[in-house]
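Notes for the one structure printed next.
2 protein chains.
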Amino acid sequence: MAVSSDILRGHTETIILRILRSKDSYGYEITKEIIEAGEGLIDVKDATIYTAFRRMESDGLINTYWGDGTLGARRKYYQITEAGIRFYNDRLEEWKEISRLLSNLIIGPTH
Amino acid sequence: MAVSSDILRGHTETIILRILRSKDSYGYEITKEIIEAGEGLIDVKDATIYTAFRRMESDGLINTYWGDGTLGARRKYYQITEAGIRFYNDRLEEWKEISRLLSNLIIGPTH
DNA sequence: ATAATATATATAAACAGATTATATATGTAA
DNA sequence: TTACATATATAATCTGTTTATATATATTAT
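This is how it looks when you write it as structure tokens:
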């Protein structure tokens, strides 16, 4: 019963960066973390995360390195860059304003 | 200094329906109303509104009629349908949940 | 007068982020 | 040994938004 995928659109990079701000992580873990926090309402496809990674890496928002390949399926870790931190901070401030404006627009003045 | 157009994506129809819930309106007026409520942060192109109208009309969310064409530029008015009201109510409840979850995902547990 | 601007609608083509479908490979539990 | 969870990757497709363009009337400034 997940929500329209357009709802996440434009927030995917911000959410990934928020997670990477506290610790390095990898695609599979980030996907699970978003779905868990979404309480059954938010779904993210793995392909969305991996294509976002490519974009963010070429934009200089994240760096990447391979985890210890000797055990289990190999993990590719991502690390937030200085530019990524700045990008996140901008988007965070933006969200605080935008969420208020969107609520005004969606709920309206009668409520 | 408007925000990424992806932020609005998926909310456009909900916002239009919220406006039409209180009174019939037309494209130009709705566009101005959204931009004004957006306090300089939210921009919507007229083409976005008009293409949304087409979609919503074929989905049965709105009906249309021409305004009095004898004065000024002709206006095409839109009216919300019963299906449109139901659609809006669903999206409104959805937004109340989603905005909370998005805040969790974007701001994180440290704040 | 006439140029500029505001009001008003419409649509084809381009853009871009998300999904679908598919491929590959390892570890673990039944 | 079958099934499932873990783990990454990308080409093709989908879809809502933007860009660009066209058309037409009303008002304001020069």
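Those sequence lines, one after another, are chains X and E. Throughout, the working numbering is defined as the position within the first sequence, counted from one, plus 276. Throughout, the working numbering is defined as the position within the second sequence, counted from one, plus 276. From the three backbone atoms N, C-alpha and C, an ideal C-beta is built for every residue, glycine too.
- Here the alpha carbon of Ile311 (chain E) sits roughly 33 Å from the alpha carbon of Ile311 (chain X).
- Under the 10 Å beta carbon count, Ala328 (chain E) is surrounded by 16 or more other beta carbons and is classified as buried.
- Note: Asn339 (chain X) is bridge-paired with X:Gln355 in the DSSP secondary-structure output.
- Segment contact: the region 287 to 301 of chain E against the region 331 to 339 of chain E, three or more CB-CB distances shorter than 8 Å; contact assigned.
- Close partners of Arg285 (chain X) in chain E (Cβ separation under 9 Å): Asp282, Ile283, Arg285 and Gly286.
- Residue contact with chain X for Ile325 (chain E): absent (no Cβ-Cβ distance below 8 Å to any residue of chain X).
- Contact between Asp282 (chain X) and Gly286 (chain E) holds, with the beta-carbon distance rounding to 3 Å and staying under 8 Å.
- Between Leu377 (chain E) and Ala313 (chain X), the gap from beta carbon to beta carbon is short of 8 Å.
- At a Cβ-Cβ threshold of 8 Å, Ile382 (chain E) and Trp371 (chain X) count as neighbours.
- Ser281 (chain X) carries a helical assignment under DSSP once its states are collapsed to helix, strand and coil.
- Where Glu289 (chain X) is concerned, the enclosing alpha helix (DSSP H) starts and stops at Thr288 to Ser298.
- Taking a beta-carbon distance threshold of 8 Å, Glu315 (chain E) counts as an interface residue toward chain X.
- Here Tyr353 (chain X) has Asp300, Tyr302, Tyr341 and Gly343 as same chain residues with Cβ atoms under 6 Å from its own Cβ, once five neighbours each way along the sequence are excluded.
- Within the region 353 to 382 of chain X, the residues whose Cβ lies closer than 7 Å to any Cβ of chain E are, in chain order, Leu368, Glu370, Trp371, Glu373, Ile374, Ser375, Leu377, Leu378, Ser379, Asn380, Leu381 and Ile382.
- When C-alpha distances from Arg331 (chain X) are compared across X:Glu309, X:Thr357 and X:Glu289, the shortest belongs to X:Glu289.
- In the same chain as Thr307 (chain E), and ignoring 5 residues on each side of it, the C-beta atoms closer than 7 Å to its own belong to Val320, Asp322 and Ile325, in chain order.
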